[in-house]
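The structure appears right after this line, and notes come after that.
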Ligand code: ZN
Ligand code: FE
């Protein structure tokens, strides 16, 4: 089994997930906001870090990079006379459009990331909205059904706040995600699901799939278990921020004061506005 790529959540702060990808003795980490849980996990499992992947510039996603770097350089087996050569640096992937000091592999939408040590690769999808340069990492060949590391763009039953982009940009970004294969597993960066479901039920009280999900999520959280990864199929059935075509969501958007329900980006914008005040 250790020859398969495994994806492991590390809880950080009050509700963040840092995702570890591991195969054999190699590992990569997505959005290490805090170094402590990452270093503890690597040590505990005797793993060597081969890459860091960053989705956007917020502190809870990048705050641990410097300390992880200091640790991995101190533990590198590089010859002492070559301390500053670039090829010995840990690759740190991240959005080219955002100022993140440690990123040394800047990426834009359409780029490909190959992690040879993990024998896997990702396609970069530009998903602006939460931040201006936010990117997501899509691994179509991972775990058969494909995986997406979507940072703070999509959450289980919710979506990120629009801090830097426009509602139209965010809607477009979510449309890109919605067009991936329905079996795609979604690795979100926060455990916000229960609060998101309370809002989703206000939007669509008669959605049976949502009611069933609420019960399942309540059961998981009662045992302090993660509610992610989710699947795109589940989100398409229950997440109000992907359901701009559903009559009940369009009606809710109109009631919330939201423009012309024939335009999906305006339905989305009205639901997002409502959630901001919910
Ligand atoms: Zn964020
Ligand atoms: Fe975050």
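Residue numbers (our numbering): 77 to 354. Positions of the beta carbon are idealized from the N, C-alpha and C atoms, including for glycine. Predicted model, so just to flag it, every value in this text is computed and none were measured.
What are the start and end residues of the alpha helix (DSSP H) that includes residue i?
{"i": "residue 269", "result": "269 to 279"}
{"i": "residue 113", "result": "111 to 120"}
{"i": "residue 326", "result": "323 to 331"}
{"i": "residue 344", "result": "340 to 353"}
{"i": "residue 310", "result": "308 to 314"}
{"i": "residue 287", "result": "284 to 298"}
{"i": "residue 245", "result": "243 to 254"}
{"i": "residue 138", "result": "135 to 138"}
How long is the line joining the alpha carbons of residue i and residue j, rounded to whole angstroms?
{"i": "residue 180", "j": "residue 169", "result": "6 angstroms"}
{"i": "residue 328", "j": "residue 321", "result": "12 angstroms"}
{"i": "residue 257", "j": "residue 333", "result": "33 angstroms"}
{"i": "residue 276", "j": "residue 297", "result": "17 angstroms"}
{"i": "residue 84", "j": "residue 111", "result": "15 angstroms"}
{"i": "residue 345", "j": "residue 243", "result": "5 angstroms"}
{"i": "residue 289", "j": "residue 270", "result": "10 angstroms"}
{"i": "residue 193", "j": "residue 316", "result": "38 angstroms"}
{"i": "residue 163", "j": "residue 255", "result": "Because the pLDDT of residue 163 is 41, which lies under 50, any placement of that residue in the model is unreliable, and the number read from its coordinates should be weighed accordingly. Going from the Cα of residue 163 to the Cα of residue 255 covers about 37 angstroms."}
{"i": "residue 87", "j": "residue 93", "result": "5 angstroms"}
{"i": "residue 158", "j": "residue 151", "result": "Legend: pLDDT at residue 158 = 45, less than 50; position of this residue unreliable, value from coordinates given subsequently. Rounded to whole angstroms, residue 158 to residue 151 spans 14 angstroms at the Cα level."}
{"i": "residue 109", "j": "residue 280", "result": "34 angstroms"}
{"i": "residue 278", "j": "residue 167", "result": "44 angstroms"}
{"i": "residue 130", "j": "residue 283", "result": "35 angstroms"}
{"i": "residue 97", "j": "residue 340", "result": "35 angstroms"}
{"i": "residue 149", "j": "residue 165", "result": "8 angstroms"}
{"i": "residue 286", "j": "residue 313", "result": "7 angstroms"}
{"i": "residue 189", "j": "residue 82", "result": "18 angstroms"}
{"i": "residue 274", "j": "residue 220", "result": "32 angstroms"}
{"i": "residue 348", "j": "residue 91", "result": "21 angstroms"}
{"i": "residue 223", "j": "residue 252", "result": "14 angstroms"}
{"i": "residue 178", "j": "residue 80", "result": "29 angstroms"}
{"i": "residue 227", "j": "residue 207", "result": "11 angstroms"}
{"i": "residue 217", "j": "residue 99", "result": "15 angstroms"}
{"i": "residue 95", "j": "residue 134", "result": "16 angstroms"}
{"i": "residue 301", "j": "residue 295", "result": "9 angstroms"}
{"i": "residue 326", "j": "residue 319", "result": "9 angstroms"}
{"i": "residue 173", "j": "residue 209", "result": "5 angstroms"}
{"i": "residue 303", "j": "residue 259", "result": "16 angstroms"}
Between residue i and the ligand ZN, is the CB less than 7 angstroms from at least one heavy atom?
{"i": "residue 248", "result": "no"}
{"i": "residue 121", "result": "no"}
{"i": "residue 236", "result": "yes"}
{"i": "residue 228", "result": "yes"}
Can you give me the start and stop residues for the beta strand (DSSP E) that residue i sits inside?
{"i": "residue 220", "result": "Counting along the chain, residue 220 falls outside any beta strand (DSSP E), and DSSP gives it neither H nor E."}
{"i": "residue 238", "result": "Per DSSP, residue 238 belongs to no beta strand (DSSP E) and is neither H nor E."}
{"i": "residue 197", "result": "196 to 202"}
{"i": "residue 83", "result": "82 to 88"}
{"i": "residue 128", "result": "124 to 129"}
{"i": "residue 209", "result": "Counting along the chain, residue 209 falls outside any beta strand (DSSP E), and DSSP gives it neither H nor E."}
{"i": "residue 165", "result": "Looking at the DSSP string, residue 165 is not in any beta strand (DSSP E), and its letter there is neither H nor E."}
{"i": "residue 319", "result": "From DSSP, residue 319 is part of no beta strand (DSSP E); its letter is neither H nor E."}
{"i": "residue 172", "result": "No beta strand (DSSP E) holds residue 172; DSSP gives it neither H nor E."}
{"i": "residue 106", "result": "102 to 106"}
At a threshold of 7 angstroms, does residue i count as lining the ligand FE (C-beta to nearest heavy atom)?
{"i": "residue 136", "result": "yes"}
{"i": "residue 272", "result": "no"}
{"i": "residue 127", "result": "no"}
{"i": "residue 232", "result": "no"}
{"i": "residue 172", "result": "no"}
{"i": "residue 265", "result": "yes"}
{"i": "residue 315", "result": "no"}
{"i": "residue 92", "result": "yes"}
Assuming residue i contacts residue j (C-beta within less than 8 angstroms), just tell me the rounded distance between them.
{"i": "residue 125", "j": "residue 106", "result": "Incorrect: roughly 12 angstroms between the Cβ atoms, too far for contact."}
{"i": "residue 127", "j": "residue 183", "result": "Actually they do not touch by this definition, with Cβ atoms about 12 angstroms apart."}
{"i": "residue 103", "j": "residue 123", "result": "4 angstroms"}
For the 8 angstroms Cβ check, are there 3 or more pairs between the segment 116 to 125 and the segment 136 to 143? no
Three Cβ pairs or more, each shorter than 8 angstroms: is that satisfied between the segment 238 to 251 and the segment 191 to 206? yes
Cβ contact check for the segment 252 to 271 and the segment 230 to 241: 3 or more pairs under 8 angstroms: yes
Kindly confirm or deny that the segment 208 to 216 and the segment 308 to 325 touch, where touching means at least three C-beta pairs closer than 8 angstroms. no
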